[in-house]
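Novice:
Listed below in structure tokens is the structure:
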């Protein structure tokens, strides 16, 4: 079975946040936990997702949705690494 691009990206990011790959400082971890997409980006991603569910997404909109999803995954993986770093430091998130 061939791995998809998303699978490969996820595997790379999982290795990047591995506890074997060091920890971030408490300050850096807390700053990353504050990351969030702007409200306008969340609305646009929701609009694109609704169009995708309805089957009316243009090729350009499909690329945009892929970008939103990719960035969202990256932010979530960074937050996971931040939480691991705080846990290793014995700090509450």
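Residue numbers (my numbering): 22 to 114.
Even glycine gets a Cβ: it sits at the ideal position worked out from N, Cα and C.
Since the model is a prediction, treat every value here as computed from it, not as a measurement.
Along the chain, where does the alpha helix (DSSP H) that runs through residue 61 open and close?
Specialist: It spans 60–74 - the alpha helix (DSSP H) in which residue 61 sits, taken as one unbroken run.
Novice: Around the C-beta of residue 102, are 16 or more other C-beta atoms found within 10 angstroms, so that it is buried, or is it exposed?
Specialist: So residue 102 counts as buried.
Novice: Indicate whether residue 57 and residue 92 have their beta-carbon atoms separated by less than 9 Å.
Specialist: Contact: no.
Novice: My output table needs one value for residue 98: the three-state DSSP class, helix, strand or coil.
Specialist: In the structure shown, residue 98 sits in a helix (DSSP, three-state: H, G or I).
Novice: Can you give me the start and stop residues for the alpha helix (DSSP H) that residue 37 sits inside?
Specialist: It spans 26–38 - the alpha helix (DSSP H) in which residue 37 sits, taken as one unbroken run.
Novice: Report the residue from 24, 67, 29 whose alpha carbon sits nearest the alpha carbon of residue 89.
Specialist: Nearest option by C-alpha distance: 67.
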